[in-house]
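Colleague:
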Amino acid sequence: MFTAILNACKTFINRVKNQLKQLTKPVTATVAAGALSDLPRSKSDLIVENAILRQQLIVLKRSVKRPQFLTGDRIRLTLLARLTGFWHTALHIVQPETLLRWHRDLFRWYWRRKSKAKSNKPRIPRETIDLIRQMARENPLWKAKKLQGELLKLGIKLHKHTIRKYMKQVGRRTSQNWKTFLKNHASEIWACDFTVVHSIFFKPLYVLVFMKHESREVVHKAVTDHPTDEWTAQQLREATPWGKRPRYLILDNDSKFGGKFSAVARGSGIKELRTPYHAPRANAIQERFMGMLKRECCDHYFIFNLQQLRRIVREFADYYNQERAHQGIEQRIPGLFKAQRPRTSHKLKGKVLVTPHLNGLHHSYAYAH
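Counting from 1, one number per residue, gives the positions in the sequence shown under this note's numbering.
This is the structure we're talking about:
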């Protein structure tokens, strides 16, 4: 019984839906009414309307769900609509407003192509363009108006919009980046970092190094098997005796650089520059030295205890500061960074003495006096 009632309800609902569809279906003109409306039209209008309808049928046959108009379809419909005054009645799959928008886009594209310069050659000399780009690259804080004033000092008069066009071609920053900061303040910057060396019994030993950025000189090194915040703070005191301190100190977010270390740094007038997480390139000079210490020294030894590692690190630091030429400072020696370079030639000036370091792992060469 319930099944019969349910089926009857479904049948009733379907009939109501069909009636609503019939009532809401748009009224379409009959064939006779369409023929009568075509009588006052000219033959050319009927031909154009037929072409518009044919073009829409082509689009419908090519589409699956939603008609997709290509650029050629839009251009053809727009041009055909210009040939008759009854174009809006021939549109069935596109709105008249859409066709008008296509016409405006086509008009805009036409005049853009017509007003485009016939030659890509700039109207101002190439040397002036290169100078604008150089000024924009070297002065990231300058605007077009400021650069215009500098060009006027050189007798070059250009509009600020022209200058701005060539300034945009230079990928410049509006603020000082990290590389520029390190270059401008190299003489006032130190860096510090830890590295881990494992003994032959797999015990971790920690090496702490403080280094100058400008000369790459190692100013302090220390080794321990139990690094703490108190121990690290004491090493900072030993690295900066008698007012010998940097203005900035680059370090990472290691917990060994804790509150006591920061308190000693603030008391000495040192500003800490903490590097972002997982960004070793922010402290690239220090990271490179730590890698060099392990590759060129510690990896060639069997480390038995703390005293041995402390002696090895001390000898390598002395060799690095006094003998080793560094590529980052144009093959100068870190400990003799400000010393005048000797005159160079292709000939030897005397007998060359060889001095071994680290039990012959490295050697230094100098003239015998």
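For glycine and all other residues, C-beta sits at the position ideal for the given N, C-alpha and C. Here the structure is a predicted model, which is why all the values come from computation and not from measurement.
(1) Three-state secondary structure (DSSP) at Arg274?
(2) Start and end of the alpha helix (DSSP H) containing Ser364?
(3) Would you please state the rounded distance, in angstroms, between the beta carbons of Ala191 and His159? I believe it to be under 8 Å.
(4) Quick one: what does DSSP say Tyr319 is sitting in, helix, strand or coil?
(5) Just verifying my parser: in three-state terms, what is the DSSP assignment at Leu236?
(6) Specify, as a first and last residue, the run of the alpha helix (DSSP H) that His185 falls within.
(7) Count Cβ pairs between the segment 187–207 and the segment 286–301 that sit closer than 8 Å; are there 3 or more?
(8) Where do the N-terminal and C-terminal ends of the beta strand (DSSP E) with Val223 fall, by residue?
(9) Secondary structure at Arg343, three-state DSSP: helix, strand or coil?
(10) Mapping DSSP to helix, strand and coil, what is Arg332?
(11) Which partner residues does Val207 have in the DSSP bridge list?
(12) According to DSSP, which residues form a beta bridge with Val352?
(13) Would Arg314 and Lys221 qualify as a contact pair, given that the criterion is a beta-carbon distance under 9 Å?
(14) Can you tell me which of Ile189, Val219, Tyr248, Val352 puts its alpha carbon nearest to the alpha carbon of Ala317?
(15) According to DSSP, is Lys160 helix, strand or coil?
(16) Excluding sequence positions up to five away, which residues of its chain have a Cβ less than 6 Å from the Cβ of Leu273?
(17) Which same chain residues, not among the five before or five after Pro356, have their C-beta less than 8 Å away from its C-beta?
(18) Pull up the distance between the alpha-carbon of Phe257 and that of Asp229, whole angstroms please.
(19) What does the alpha-carbon distance come out to for the pair Gln68 and Val59?
(20) Spatial neighbours of Glu238 within its chain, please: C-beta separation below 7 Å, excluding the five flanking residues on both sides.
(21) Do three or more CB pairs link the segment 76–93 to the segment 38–54 at distances below 8 Å?
(22) Compare the beta carbon distance of Val170 and Arg126 with 9 Å and say whether it is the shorter of the two.
(23) Expressed to the nearest angstrom, what Euclidean distance is found between the alpha-carbon atoms of Lys143 and Asp254?
(24) Please confirm whether Ile189 and Pro246 have their CB atoms less than 9 Å apart.
Modeller: Reading it off the structure:
(1) strand
(2) Not the alpha helix (DSSP H): Ser364 falls in the beta strand (DSSP E), residues 362–367.
(3) Not really, about 47 Å apart at Cβ, beyond 8 Å.
(4) helix
(5) helix
(6) That residue, His185, is in no alpha helix (DSSP H); it is neither H nor E in DSSP.
(7) yes
(8) 218–224
(9) coil
(10) strand
(11) Thr195, Val223
(12) Tyr367
(13) yes
(14) Val219
(15) helix
(16) Tyr248, Ile250
(17) His362, His363
(18) 6 Å
(19) 7 Å
(20) His220
(21) yes
(22) no
(23) 41 Å
(24) yes
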